[in-house]
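S.K.: One structure coming up, written as structure tokens, with questions to follow.
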Amino acid sequence: MKNLSLCSEFEQLCARGRAKRRGRIVSLISFLFVFLGAGPLRAQSQSQSPFHLVEQLARVLVLVENHYVQPVDRARMVEGAVKGMVAELDPHSSYLSPKEYEEFRNDTEGHFVGIGVEVDARDGLITVIRPMEGSPAERAGLRPGDQVIAIDDWPTQAKPLDQVVRRIRGQQGTPVSLLLRRPGVAQPLRVRIVRAQVHVRSVIGKRLEGNVAYVGIKQFQRGTHQEFLQVLGDLRLQRDEPLEGMILDLRANPGGLVHESAQVADELLDGGIIFTTRARGRVLDEVTASLGGAASRLPLAVLVNELTASAAELVAGAIQDHGRGIIVGAKTFGKGSVQSIVELPEGAALKLTTTLYYTPLGRTIQAEGITPGVAVQQPGSGDGFPIVREQDIEGHLASPNAAPRVSSPSTATTSEIMIPRHVPSNPVGRGDRALSIAYQLLLSDLIARKK
66 MKNLSLCSEF EQLCARGRAK RRGRIVSLIS FLFVFLGAGP LRAQSQSQSP
116 FHLVEQLARV LVLVENHYVQ PVDRARMVEG AVKGMVAELD PHSSYLSPKE
166 YEEFRNDTEG HFVGIGVEVD ARDGLITVIR PMEGSPAERA GLRPGDQVIA
216 IDDWPTQAKP LDQVVRRIRG QQGTPVSLLL RRPGVAQPLR VRIVRAQVHV
266 RSVIGKRLEG NVAYVGIKQF QRGTHQEFLQ VLGDLRLQRD EPLEGMILDL
316 RANPGGLVHE SAQVADELLD GGIIFTTRAR GRVLDEVTAS LGGAASRLPL
366 AVLVNELTAS AAELVAGAIQ DHGRGIIVGA KTFGKGSVQS IVELPEGAAL
416 KLTTTLYYTP LGRTIQAEGI TPGVAVQQPG SGDGFPIVRE QDIEGHLASP
466 NAAPRVSSPS TATTSEIMIP RHVPSNPVGR GDRALSIAYQ LLLSDLIARK
516 K
């Protein structure tokens with residue numbers, strides 16, 4: 066009978082040639098013995114080669130397929146096993162299914178179909194980081210700090226972030242219903258938004274009083290370097306007087322394509338190292354700037370905060386180490402790891418942490434971040450939500466210079482934590498304290514240079 070063959074089948078897989086025991090009770094005892102007794106002894110004698118471990122995975126798969134209470138999907142089981150294996154490494158390594166890899170590529174290209182909102186998982190709750198400028202989400206009134214309770218009546222609590230993003234996205238022209246919890250509002254809000262093609266403009270600019278250029282970079286995607294040069298060129302042509310200084314706003318910039326951030330840093334530096342990468346105690350790569358960058362002569366102030374991460378931290382770190390400008394704001398996120406994309410058969414991919422970033426002076430960014438030269442605490446407004454840095458994430462790679470630690474997330478307000486929608490020509494005393502301070506510091510520096 067089939068229910069008596071459980072032990073026999075397992076023994077055929079694990080120890081070919083072992084005598085089969087008969088009888089229900091004997092079978093069950095033998096089964097437990099294999100797991101609880103012979104298992105550890107056998108494990109000690111077996112080579113821990115990848116082939117042995119894959120064989121073990123195959124054994125489990127066969128057992129599940131043949132004896133689980135319901136039929137199972139083999140492809141789904143294998144994908145789950147691979148995802149679990151990679152997820153054990155660190156929070157930024159992952160297996161991407163063909164659909165997930167396509168979405169990943171769309172994100173780095175700067176366009177996708179959806180509602181145009183950045184979300185993150187905070188304590189099991191899906192929280193809006195910001196709606197994108199000109200997006201359906203912005204037009205619908207979504208705000209930073211809003212918590213997405215449900216998507217089309219599908220509860221989001223404790224759901225994986227990638228599943229939530231896929232639910233929000235969809236076909237162009239189709240509606241999606243979001244149930245929101247907003248800080249300071251007693252009742253949940255229901256918002257209906259029609260999905261559309263969203264193009265993420267990564268660079269914005271404005272010419273401020275005193276011939277100061279304000280340039281904000283939202284993320285580093287394909288084409289950001291060219292956008293940066295275009296915005297800078299447009300600002301220079303707006304008046305006959307030359308630009309005398311620049312404020313570079315990297316607040317809430319999550320990073321993105323490293324080569325794009327390196328090209329932007331190249332325009333701000335006049336030679337020297339931009340960053341190095343290291344793995345297993347060895348320097349693998351050293352990225353340097355050329356002489357005569359497009360903005361390498363402009364006095365510079367850089368705005369950062371807790372949401373400035375990864376490739377954006379590389380730019381801030383290079384500017385700080387070379388003494389090219391003053392860093393203003395809050396300590397950055399602290400993601401100093403490099404993920405490489407390895408394409409797999411059938412359209413899937415592996416996103417794998419392969420190296421760590423280091424600044425020109427050899428400082429690690431991982432779980433450390435960039436500490437600004439001028440720290441600015443934004444005024445509270447009662448709409449605070451927790452800010453999670455790399456060091457607060459369970460399973461993060463520890464800084465090579467320190468023991469692993471997990472700290473309590475700090476609280477920030479949604480007010481002024483993002484790149485501002487509308488930058489005043491004179492930011493002094495206009496609400497964005499960090500921008501106001503950076504602007505005044507830059508003007509003071511320009512005055513001192515003219516003496």
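To convert, take the position in the sequence shown, counting from 1, and add 65; that gives our numbering. Backbone N, C-alpha and C fix where the C-beta goes; we use that ideal spot for every residue, glycine too.
Using three-state DSSP, classify His487 as helix, strand or coil.
M.R.: If DSSP states are grouped into helix, strand and coil, His487 belongs with coil.
S.K.: Does the beta-carbon of Val230, which I'm using as the reference point, lie nearer than 8 Å to any heavy atom of the ligand SAM?
M.R.: Absence of the ligand SAM from the depicted structure is noted, as is the absence of any ligand whatsoever, leaving it without description.
S.K.: Determine the DSSP secondary structure at Ile258, reduced to helix, strand or coil.
M.R.: Ile258 falls in the strand class under three-state DSSP.
S.K.: Check whether the Cβ atoms of Leu154 and Leu417 lie closer than 9 Å to each other.
M.R.: In contact: Leu154 and Leu417 (Cβ atoms closer than 9 Å).
S.K.: For Thr192, which option in Val143, Ala146, Ile406 and Leu243 has the closest C-alpha, if you only look at C-alpha atoms?
M.R.: Selected option, being the one with the closest Cα: Leu243.
S.K.: Could you check how far apart the C-beta atoms of Val178 and Gln228 are, in whole angstroms? I think they sit under 8 Å.
M.R.: The pair is not a contact, with the Cβ atoms about 17 Å apart (cut-off 8 Å).
S.K.: Between the beta-carbon of Thr173 and the beta-carbon of Leu322, is there less than 9 Å?
M.R.: Contact: yes.
S.K.: Need the endpoints of the beta strand (DSSP E) that Tyr160 sits in, please.
M.R.: Segment Ser159 to Leu161, the beta strand (DSSP E) holding Tyr160.
S.K.: In terms of residues, what are the limits of the beta strand (DSSP E) holding Thr289?
M.R.: Taken as a continuous stretch (DSSP letters only), Thr289 belongs to no beta strand (DSSP E), being part of the alpha helix (DSSP H) at Thr289 to Leu302.
S.K.: To the nearest angstrom, how far is the alpha carbon of Val127 from that of Ser375?
M.R.: Distance between the alpha carbons of Val127 and Ser375 is about 42 Å.
S.K.: If you count every other CB in all the chains shown that lies within 10 Å of the CB of Gly82, and 16 or more means buried, which is it?
M.R.: Low local confidence applies: a pLDDT of 38 at Gly82 is under 50, so the model's placement there is unreliable, with the coordinate-based value given in what follows. When all chains shown are included, Gly82 counts as exposed.
S.K.: Which parts of the stretch 374–427 are runs of the beta strand (DSSP E), unbroken and 3 residues or longer, counting only runs that do not cross its ends?
M.R.: For the stretch 374–427, whole beta strand (DSSP E) runs of length 3 or above, ordered along the chain, are 390–394, 402–408 and 414–423.
S.K.: Look at the alpha carbon of Gly496 and the alpha carbon of Tyr504, and state the distance between them as a whole number of angstroms.
M.R.: Between Gly496 and Tyr504, the C-alpha separation is close to 13 Å.
S.K.: Find the nearest neighbour of Gly427 within the set Ala440, Ser464, Val439 and Asp510, judged by alpha-carbon distance.
M.R.: Checking every option, the nearest Cα to that of Gly427 belongs to Ser464.
S.K.: Who are the near neighbours of Glu325 in its chain, counting only those whose CB is closer than 8 Å to its CB and skipping five residues on each side?
M.R.: Closer than 8 Å at the Cβ level, and outside the excluded window around Glu325, lie Phe285, Gln286, Arg287, Gly288, Thr289, His290 and Ala376.
S.K.: Give me the residue from Asp188, Gln456, Gly394 and Val259 with the minimum Cα distance to Val441.
M.R.: Comparing Cα-Cα distances from Val441 to each of Asp188, Gln456, Gly394 and Val259, the minimum goes to Gly394.
S.K.: Under the assumption that Leu421 contacts Arg343 (Cβ atoms under 8 Å), give the Cβ distance between them as a whole number of angstroms.
M.R.: At roughly 6 Å, the Cβ-Cβ gap stays under 8 Å, so Leu421 and Arg343 are in contact.
S.K.: Going by C-alpha to C-alpha distance, which of His176, Ala215 and Glu165 sits closest to Met197?
M.R.: Among His176, Ala215 and Glu165, the Cα nearest to that of Met197 is on His176.
S.K.: Please state the DSSP three-state secondary structure of Ala344.
M.R.: Three-state DSSP puts Ala344 in a strand.
S.K.: Which residues mark the beginning and the end of the beta strand (DSSP E) in which Val367 is found?
M.R.: Element bounds for Val367: Leu365 to Val369.
S.K.: Determine whether the beta carbon atoms of Ile282 and Val265 lie at a separation below 9 Å.
M.R.: No, the Cβ-Cβ distance between Ile282 and Val265 is not below 9 Å.
S.K.: To which residues does DSSP link Ala215 through a beta bridge?
M.R.: Beta-bridge pairing links Ala215 to Pro220 and Leu244.
S.K.: Is the beta carbon of Ile216 sitting closer than 9 Å to the one on Pro240?
M.R.: No. Outside cutoff.
S.K.: Specify, as a first and last residue, the run of the alpha helix (DSSP H) that Pro115 falls within.
M.R.: Note, Pro115: alpha helix (DSSP H), Pro115 to His132.
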